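Input: a single structure, listed below in structure tokens.
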Amino acid sequence: MELFRGVDRIRYMDDNDKLLSTRVVQVHDLTAWVSELTDGQLRDRLRRLAALGRQTTAALVAHLCELDNRRLYAEFGFESLFSYCVRELGFSDAAAYRRISAARLAAALPGVIQLLADGRIHLEALTLVRPHLTAENSARVLASIEHKSRKEVEKIVAELAPKADRPDRVRSLSPERTSFSFTVSAAVAARIEEAMDLIKATRLEEVIEAAVDALLNAKRPKVRTRAMPRGVTRRRRIPRRVRSIVWFRDGGRCTFVGKDGEGCQAARYLEFDHIRPWALGGRSDDPENIRLLCRTHNQLAARKIFGEAAVGPRNAGVGGQTLVDKSSSPDRA
Ligand SMILES: [Zn+2]
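Here it is as structure tokens:
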């Protein structure tokens, strides 16, 4: 509620948004009001709200820094700045930790407040590099983590503070899941990354599974399987041959193109989609009728053809042919 009042007061909304500018908006009013926005307005507002969020975070960090300087949390009755952030400000442990980390860095390097406000560096990146910053390297390191993802920042940290090898470790987590941890050379790490890119894997498990399957298929004695006559019956399952043609043709990415011509290009949660639906007579064995779509765009396509009811509620997930379920294990082909 306060946020919406604040948003109103700082005239975030456009001049023609009469509803917001004339009275304090209640939560249920706001959701109804938002539902009336055009797609363009919604996108524009989300960008501005995200920028507002970054500025709010930066301002909060600056205030925490000052509170810390004055040790006021102790006078307020809290044992630590952390406990103040969690109990009085309502942050989760992780969110409190990142904000305090940024505030303590800001005490030595006030410039980080502006970096946070501009969105050039996110809190997580700052938290990761902070233990490794020195008076000599801070300017260079902070410049190197601008607009970097968590993964990229972790690499920079590993360069700053190399660690010794860890021994191999295999742990059983549950009857179905086992955790492996091992150390590899830079050359092997590079090949694993290349393999992950090649099959668009998002988790190590996918690339290890594919590599182990390939090794076993090559080294294991062959088992003869009876070939099904082709084209006798129309099958819904997309043959492995077609899937691999489609995969390489579409570059392992979602092929959806939006109204404004922007391609989705998502490389995660991909599904093979029948362009002419199987239920309407579309073929599974013709690569021209199959394309790669991410789950979101597969559902959008299904909704457009069959309507909301056929797909089910949003985000409920439809039984598309997900890569993980249907294609990563050659045994099931
Ligand atoms: Zn997509």
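The numbering used here numbers the first residue of the sequence shown as 533 and each following residue consecutively.
For every residue, glycine included, the Cβ atom is placed at its ideal position computed from N, Cα and C.
Just so it is clear, the structure is predicted and the values come from calculations on it, not from any experiment.
Using beta-carbon positions only, say whether residue 716 and residue 710 come within less than 9 angstroms of one another.
no
Just reading off the beta strand (DSSP E) that residue 712 is part of, what are its end residues?
710–713
Distance check for residue 669 and residue 685, CA to CA, integer angstroms please.
15 angstroms
May I ask you to check if the CB of residue 834 is nearer than 8 angstroms to at least one heavy atom of ligand 1?
no
Check for me: the beta strand (DSSP E) holding residue 806 runs from which residue to which?
802–806
If you run the structure through DSSP and keep just helix, strand and coil, what is residue 825?
strand
Hey, could you find the ends of the beta strand (DSSP E) residue 789 is sitting in?
Taken as a continuous stretch (DSSP letters only), residue 789 belongs to no beta strand (DSSP E), as it is neither H nor E.
Rounded to the nearest angstrom, what separates residue 827 and residue 682 at their Cα positions?
24 angstroms
Measuring alpha carbon to alpha carbon, tell me which residue in 768, 809, 789 and 732 is nearest residue 799.
732
Secondary structure at residue 716, three-state DSSP: helix, strand or coil?
coil
Cα separation between residue 608 and residue 838?
60 angstroms
Secondary structure of residue 814, DSSP reduced to three states
coil
Would you call the stretch 669–678 in contact with the stretch 609–624, where contact means no fewer than 3 C-beta pairs closer than 8 angstroms?
no
CB residue 774 to CB residue 819, shorter than 9 angstroms?
yes
Identify whether residue 701 lies in helix, strand or coil by the three-state DSSP scheme.
strand
Below 8 angstroms on the Cβ atoms is my contact criterion, and I expect residue 807 with residue 785 to pass it. Report the Cβ-Cβ distance as a whole number of Å.
The Cβ separation is near 16 angstroms, so there is no contact.
DSSP three-state label for residue 622, please.
coil
How many angstroms separate the CA atom of residue 555 from the CA atom of residue 562?
Only weak support exists for where residue 555 lies, its pLDDT of 48 falling under 50; the value from the coordinates is given anyway. If I take the Cα positions, the gap works out to 11 angstroms.
Is the beta carbon of residue 617 within less than 8 angstroms of some heavy atom of ligand 1?
no
Answer with buried or exposed for residue 803, where buried requires no fewer than 16 other C-beta atoms within 10 angstroms of its C-beta.
buried
Given the structure, does residue 798 come close to ligand 1, in the sense that its CB is under 8 angstroms from one of the ligand's heavy atoms?
yes
At the level of alpha carbons, what is the spacing between residue 592 and residue 688?
27 angstroms
Looking at the strands, I want to know which residues DSSP matches up with residue 795.
789
Reducing DSSP to helix, strand and coil, say where residue 836 ends up.
helix
Enclosing alpha helix (DSSP H) for residue 666 [first to last residue]:
That residue, residue 666, is in no alpha helix (DSSP H); it is neither H nor E in DSSP.
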